[in-house]
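Have a look at the structure below before the remarks.
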Amino acid sequence: MSGGYGVNVQVPGSDGVNVHVSGRIASCFWVIFGPSLPAFGINPRQQVRHTDSSQTQAAGTDMSPVVSSLLLGLVLCWSGTQATKPSELIKVCPRFDPSICPLAKPGPEECKTDSKCLGGKKCCCSNCGLKCVTPEQVKPGRCPPVVVRCMTPLPDPKCHSDFQCPGKKKCCEMCGISCMDPKEEPRGVCPASEVKAGRSLTCASFECSRDSDCWPDEKCCVSGDGKKCLKVSKA
């Protein structure tokens, strides 16, 4: 078996079974079972290089409830990862921090719009210059806004990307990072652009990178020579 990170499941029994689960199923398996995984003989952070059934020792006990739980978890994870189709994913620019611009050396501009980029890339701010970059893919919807004061210290993150969350849930920040049900995108479009013909966007003037950087009733829109969060207009 080739190397890779995943969940190594050891199910003791009369013959001993050692199963390696990786990828998105392993991620949501961890989300569903969480801290109880070690009780099942599972180490979600273990790097599995090779699986040898001869190294698995039989426990000599009836583990059918454990097996049932593991199989149920796999079914739930598989169904959850299939809930969002690839065609429903949204391609967005990687988040960009304009505060780096005073010290950045962006080099020549590669694009002004996505149409100038090839291979599915998007025209995004990178190192304070417009470049054709590989976009991030996220699930539809917005994370709920943080409207409360969080107690510190914050708990450890339970996810790092949308793909570690089951079904349509998104990886959101809400007094800690965890999988949450998303809010719907606001209906409407950005107001008419104020960019004049021949004028180029300046990354230093970007106040947002994507719609999810804005409040629920706003979108990240072109304004002046940059982008900022604006109230949506009726389509």
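In this note's numbering, the protein residues as written are 6 to 240.
Note that the Cβ used here is the ideal one computed from N, Cα and C, for glycine as well.
All figures in this text were calculated on a predicted structure; none of them were measured in a lab.
Length of the line joining the Cα atoms of residue i and residue j
i, j, result
"C106", "I182", "28 Å"
"G193", "L123", "28 Å"
"D102", "D218", "12 Å"
"L206", "G229", "8 Å"
"K127", "D161", "32 Å"
"S84", "C170", "Note that S84 scores 47 on pLDDT, short of 50, meaning its location in the model is unreliable and no value can be drawn from it."
"P149", "P221", "8 Å"
"K136", "P111", "9 Å"
"K121", "C213", "21 Å"
"G125", "V151", "33 Å"
"I95", "H165", "17 Å"
"C195", "G134", "23 Å"
"P140", "K188", "22 Å"
"C225", "K236", "9 Å"
"E223", "R100", "17 Å"
"P158", "C184", "19 Å"
DSSP beta-bridge partners of residue i
i, result
"I95", "V143"
"L123", "Answer is none; L123 lacks a bridge partner."
"K232", "F211, V227"
Residue i - DSSP class collapsed to helix/strand/coil
i, result
"K136", "strand"
"C208", "helix"
"S238", "strand"
"C128", "strand"
"C219", "coil"
"S104", "helix"
"S214", "coil"
Cβ-heavy atom distance, residue i to the ligand COA, below 7 Å
i, result
"S166", "With respect to small molecules bound, the structure shown includes none, and the ligand COA cannot be examined in it."
Q.
With a threshold of 8 Å, are at least 3 pairs of Cβ atoms found where one atom belongs to the segment 136 to 147 and the other to the segment 161 to 178?
A. yes
Q. Enumerated in chain order, which unbroken segments of the alpha helix (DSSP H) with a length of 4 residues or greater are wholly contained in the segment 141 to 201?
A. none
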